[in-house]
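Single-structure report; data block below.
Okay, here's the thing in structure tokens:
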């Protein structure tokens, strides 16, 4: 029913036309339309004429299959984490995670909640954190700029890290997701 | 003296039996069987002596006197050659059924034997008063037999018989008295010497007696009640002996009555036939249905007496009456669920043969008599002809309903009973024998379709269609039964069809193929309904065809009404919208590869008929071509829309078949070379793709056990080859260029533009776009989407089903890339037909040119293939190796789909379409047909009000009939 | 022969570049109408290249795999069936092999492939989109075919070269002026053909994530984007040949296709979306009636 | 109008205690055994046909759960709250899901959060919010939230105090994003 094969390790091999490809990747960031927390409301203005993310080539895609970036917008509960893992793994490589707000960094105001995780990095490889509670659209664009810079420099390798250390991430994920029923890897 | 033993031996047996003691006496059975066997032997000897087996001349006879003195006191019998055959049937019926009485009511054996004697006596009587004696004996025996089982309804039936025979006695004796007083003689010949008032009086009295005894229409009430009320054994025996005897006796007396113009019989008969059969549509019980059928045959006898004379009359009446009586006998015996109710595959067939006999379907003997008789009527009495034809069709309808209702109730044991086996056997042997007599009329010169190219195309089409269906016949599921035999028969007669050289040959082959297919269909699971619809529509189109042939006075078809009738026959057979009901009921119900045969191959017979009609009637252009084209275009559209909304794979294909056939009609209606090229090209193409699709459906059904879209989906992984072949067929019929289907559309559109029929063009184009809806529905509903866990066990179709599909798909590819292969054959042949207008398409190599358009299928195909190939290779070598993940692993808002069934979109697939169409009034052909059937039912109910079920009413009927006759005949004089 | 092949390759290449560029321009123009800056004009090239270079990819079965190829084959087939520049016979490519009927039907090749791929993906939304798309297609094809038949019958030829040749006597001989009603019908039908709003129910990202290509990713999607660009250029070319007198030079070709494309972009960016049945009813009623007016005129 | 409701209820349930009353709002407290009677009476006789919410409060000091049914009479625009105290140990409350299907969801939530059982609810025990929760129900007051969060999600990162203005200023100066540029121009 589901594809249960773990992913291949991507390795470090150079691709053809790496530089051009990196430029293209940086300038065409497609974002999965998935709001995990309160920060999702701050993403909407990005598309409006005031902030206009399309000028950077950033677009919203309604399906993870076609997206490059997953934005964890604010606090992330354990229940949502399960869905986020699935969405993230369904995104095709290369893929990037951008985390918004204090909650993803250290739990923020929900640090002592029974179902909100504190440090996102333990569960998913975050490429860019954007600080704030909540970050304003300007900050998010800032974050995108940083991400674009990292991609151009070839440093946004969270997805490689995730695949190479899948066991570590899985262990952490399984520790807080009590009824783990996902496949080994969600293709 | 010895010869009379044939008549009186049973009487002897009756006397001995009556005196024998005990209930279950073996002795009585021994006596009965001995007497009957001896009598039968005598009859056989007599018939041989009289040369009855040579049906050409039935006039030989021996005269026999006995008793005291001379007539009228003595018993006078004239044993005719025809009569011996009837007697044979009676003896056979009694021998085959008497054991049933022996089990339940042993005391009835003397009565049976007495009835047999009375029947035989009446059969051979030449004397009016003798006839009276036998009539009385027969009535008494009937009453006794009927009342033998002490049950309310049977008593009632017996009392009605008694009442009527009382009245008959009075009237008859009056007639005898008048006759004797006027002429001093009581022989039948004396009737001829009557004149003046006495002649009228005797005629009226005797006619009333005869009509009453015959159970012909206005006076049929008591007979119906009798058949319904009596036990089926009694009714069966009665119809095989006494009823047959009365019919034969009436046939003897009627021409002798001094009534003036005998056409009055024909009027009584024809009117009665139509009205009684209308009422028959509403009949519920088996007995009553067969009673109506008896009434129909009595009416036929009246018509025959009024319109024919001499040897023709004798022979027609003999064949009609003997075989109808025997069939009714077998139906009563078979339809009697007296033991071990159960379903038998043989039951349907066993029961269908007598039904087909009664309905007069070729090559069974009744057909030959009916055919000759109807031909005579068509030539000389057209109005009577139409009435008789209508009545016969109505009869066929309720007989088929009876068959569909009852055939499941036949006991398995019935088949093992010697009576049933022998009955069927005798009927069949006799059928072949009689058919032999007429064989000379058949003509296989193929002169109907003058062009040998067209003929060969159709030969090849039918043969290939049948052959491709054959490998898969054993891949059946569940309760489907063996149908290959019937498929083969049907296919064989279809293959012969283009070779038919005259109307009768064409008709016979047409009907054999249709009714063999009906039997084949009835083998499906729960296919009774489908088979019934098919039988009704097939016989309707058959009667239309027959009428057309008979009205054409010897040639195959004449312009005008016959051609119109035959066109209608073809349209019904094709499932023109309005009559498409049978397609969408029959195809889904038919077993295994049968629907592929029906839709792909058998429906092409109607195309052949249309071609034949057009060629023979006008040389190409039918005057109603434009109407036909409109009908075709609307059929295409309506069929396509209905197909898109169909919830079932086979049903969808049935509607698609209706829709695609519309294009053929448009092409033929054009009556131009382009139009006919399009039509015939599409005929070939339709046969190929529709068979591929239906074989695909058969494969899916075989592997999953269902054809409902709700239960299917995702089979592409399990049945990749079936999917590939279906895909090719679908791309083709959708008309997408590199494959064959586009050619037909292109030719058709060019033809339509050439003729300037733009509105039809628009409708046809729209229909072809709607075809995309159902083509995708079909592919997605069955093969794409999610695989239901219910079908997880499914695997690739067996080779027997796959191979024909592969062949068909390959031929689609070939035809798609090189349509000129077919066009090079078609176009010259059609150019040679003088009646077709317009310019022929010019074929230059692979290029086809018309006045306005061009088409080079080869270049288009090559282009598509090359581009596709380049894309494919580029994909393949660019190092792109995507990973296969299951269908459930989809981006589903972060969730995992709970089960395949919940994410498979299949129910109400074109919902927006349905919504958009909502403003259209929902006119369903079903509703129209319901209206028609309701109207007929109402008419039938109206007629049925005559038959109140009260014996006194029936007496009143007889008297009223007498008075009316009196007024009418006196007025006429 | 060689020059023919060169011409075909040139046509396909130009169409691909022009199609992607037009897509980029349309995004910019739409953004300007919204009061935004909008992406670069070359954004579509970047997107296609990025998608092409995405590393991992999944597929759901054979038809899923083949669908983008169907798509691109259909697009190229339509493209090659239409003469590119009037008078330069070498650029007529394959148009000798068929007439408008062939073109009308071969247009479905790519759509059918796409629909099959969507079906094989197993995603219910993809199939819902296909069901809507087919329902809508059957309605706009009605008006479009009425318009095409009216024009073709009016000009007494089905050959596209013939139709173009009949319009070479100055601007007033263009079919859009000779057959104004049919042209209006065809131009309205052009909107749903390009999946432009208000007929954009097929790719409705808000309710059925992007429609048929929901499950398509990386290289498949890249090919599909290219196919779409090619197909839209092919359709533009067909319309230019059908209604606007063809193109006498490459420059006028670019200009005419650009203007025609801008028409869809402008209409599309100011209208909201119809529901499916509204769209079907509208297409059955308005453009069909318009086109029928000219058909009746031609018949009389 | 609400007076009438109050009178009616007082006649039928003599032990009823009034908690709060406004012009269209009434909160009453009834005994645990007559709670169902009161709710059903309100529905059938008093026109409170809509169930807005079922809520629960843990009164650990009184060793009781307070369950409140919030009903609404839409045509009169009145709200009626009926509360009842149930013993805290093995708390069992009758289910209303046969009467209001919507009650099923509320009851499942309360079951997960408080461990109050609603026998009669056909979907009781199905995962609602806390998928695979194994600890004591988190809304009970004897549940140590912070301790649980520490245990499950790890120690919270220590806070650093950074002056945001200075921090953002540095970053903006260093990155020179388009947005940053704009801001500088504004200055």
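Protein chains in written order, with the working numbering: chain A, 2 to 188; chain B, 30 to 1002; chain C, 660 to 959; chain D, 359 to 545.
All C-beta atoms, glycine included, are put in the ideal place defined by N, C-alpha and C.
Since the model is a prediction, treat every value here as computed from it, not as a measurement.
Could you work out which residue in the options is closest to residue i when comparing CA atoms only?
i                      : options                       : result
residue 410 of chain D : D/377, D/500, D/459 and D/504 : D/459
residue 179 of chain A : A/72, A/5, A/78 and A/26      : A/78
residue 811 of chain C : C/695, C/854, C/822 and C/777 : C/822
residue 903 of chain B : C/882, C/923, C/912 and C/916 : C/882
residue 969 of chain B : B/166, B/311 and B/228        : B/311
residue 715 of chain B : B/730, B/232, B/760 and B/786 : B/760
residue 450 of chain D : D/509, D/465 and D/418        : D/465
residue 815 of chain B : C/714, C/711 and C/720        : C/720
residue 875 of chain B : B/859, B/845 and B/869        : B/845
residue 672 of chain B : B/743, B/806 and B/698        : B/806
residue 98 of chain A  : A/115, A/126, A/88 and A/76   : A/126
Where do the ends of the alpha helix (DSSP H) carrying residue i lie?
i                      : result
residue 558 of chain B : 557-580
residue 274 of chain B : 271-282
residue 957 of chain C : 935-958
residue 693 of chain C : 661-693
residue 141 of chain A : 138-153
residue 329 of chain D : What is shown of chain D runs 359 to 545, which leaves residue 329 of chain D out entirely.
residue 923 of chain C : 909-929
I need the straight-line Cα distance from residue i to residue j, nearest angstrom please.
i                      : j                      : result
residue 433 of chain D : residue 382 of chain D : 12 Å
residue 363 of chain D : residue 441 of chain D : 16 Å
residue 339 of chain B : residue 250 of chain B : 31 Å
residue 793 of chain B : residue 774 of chain B : 9 Å
residue 739 of chain B : residue 802 of chain B : 17 Å
residue 796 of chain B : residue 592 of chain B : 29 Å
residue 820 of chain B : residue 732 of chain B : 8 Å
residue 502 of chain B : residue 834 of chain B : 14 Å
Can you name the start and end residues of the beta strand (DSSP E) that residue i belongs to?
i                      : result
residue 160 of chain A : Careful: residue 160 of chain A lies outside any beta strand (DSSP E), inside the alpha helix (DSSP H) at 159-165.
residue 422 of chain D : 422-431
residue 873 of chain B : 871-873
residue 31 of chain A  : 31-33
residue 408 of chain D : 408-417
residue 883 of chain B : 883-885
Could you name the residues of chain E that residue i contacts, counting a contact when the two beta carbons are closer than 9 Å?
i                      : result
residue 783 of chain C : Reference to chain E is not applicable here, since the protein chains of this structure are A, B, C and D.
Apply the 10 Å Cβ neighbour rule to residue i and answer buried if 16 or more other Cβ atoms are within range, or exposed otherwise.
i                      : result
residue 962 of chain B : exposed
residue 290 of chain B : exposed
residue 7 of chain B   : Lying outside 30 to 1002, the shown extent of chain B, residue 7 of chain B is not represented and no answer is given.
**Message:** List, from N- to C-terminal side, the alpha helix (DSSP H) runs of 4 residues or more that fit wholly inside the stretch 720-761 of chain B.
**Reply:** none
**Uninterrupted beta strand (DSSP E) stretches inside the stretch 110-135 of chain A (no shorter than 3 residues)** = 129-131
**Request:** Report the residue ranges of all alpha helix (DSSP H) runs contained in full by the stretch 433-501 of chain D; include only those spanning at least 4 residues, in chain order.
**Result:** 461-472
**Unbroken stretches of the alpha helix (DSSP H), 4 residues or longer, contained in the stretch 827-861 of chain B** = 828-846 and 849-860
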